[in-house]
Amino acid sequence: MIKAAFFDIDGTLIPHGEEKFPESTLKALRLLKENNVKVFIATGRPVTTLVNALNQFDFDGYLALNGQYCMVDGNVVRNKYILQEDIEKALPYFQENNISCVFAEKDYVYVNMISQQYKEFHKGKEELMNKIDDVKRIQNQKTYQLMIFINEAEEDELFKHLNHCKSARWHPLFADVIPIDGGKNKGIDAIADYLHISLNEVIAFGDGGNDIDMLKYAGIGVAMGNADHQVKCAADYVTTDIKDNGIYNALKHYQII
């Protein structure tokens, strides 16, 4: 019996480029709650960007920053950040190569500089560009995740400067970077332990590269029909597209709703 369900946001709960949950998704989430299934967000997004999703449905908690900061019923159950000394080693590399890096604290997000790749990502949505701030903040504030604007081919060189970190990439223009022992699967672990449930009682939904570990780890891993090919290969089940009742159809398939 499934007791907890985890959902990525972008491309899973909300279509890319849009703001609202599809009506079939809201219906599915409501039916889960009626069946006493705990419902969680599982996203790479910082906590500060969850307001829109949290306002659309009464979630039982969230797994943010790719599992680095997790909340259940108002209680923090995982709080894992990148070591200051690891970030300090990478700062000269960012500067020398004109690399934009977004620094995600729990309640504040900023960028070190505006690169061409960063501009490309924000084309047409310039209002969402982060404030430029002083990277010396890392000396006094915990940084949970870095969003580094490099291509996938550049990652090998990057991680020569970030020894204790790994990529959780879900977009071609940048990589989410988290501690090497981090990930959405670690967040699921923390929440499952808190709820005293087993992984066999967990279902997870996703569509991006940063969802692969989560989908492999959960009792049931579901890839959206619009997911990347490697995500579909990692899943137990591939449902229909997000705009074709994907979440609802998968939950009906498994007779959870």
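Using this note's numbering, the first residue of the sequence shown is number -8, and each one after it goes up by one.
Glycine included, C-beta positions come from ideal geometry on N, C-alpha and C.
DSSP-derived helix/strand/coil call for residue i
i, result
"M205", "helix"
"L22", "helix"
"K(-6)", "coil"
"F85", "helix"
"A95", "strand"
"I171", "coil"
"G200", "helix"
"D1", "strand"
"Y185", "helix"
"S106", "coil"
Presumed contact (8 Å Cβ cut-off) between residue i and residue j, rounded CB distance
i, j, result
"L20", "F48", "5 Å"
"T16", "I238", "5 Å"
"L190", "V168", "Their Cβ separation, rounded to whole angstroms, is 26 Å, which puts L190 and V168 out of contact at 8 Å."
"V100", "P37", "5 Å"
8 Å Cβ cutoff met for residue i and residue j
i, j, result
"A183", "A55", "no"
"T134", "E87", "no"
"K177", "G2", "no"
"I194", "I247", "yes"
"A44", "K175", "no"
"L186", "K29", "yes"
"V213", "F196", "yes"
"N121", "W161", "no"
Which residues DSSP lists as bridging residue i, in chain order
i, result
"V38", "DSSP, once it has assigned bridges, lists no residue as partnering V38."
"A166", "I139"
"L190", "L190 pairs with nothing; no bridge assigned."
"V28", "Per DSSP, none; premise fails for V28."
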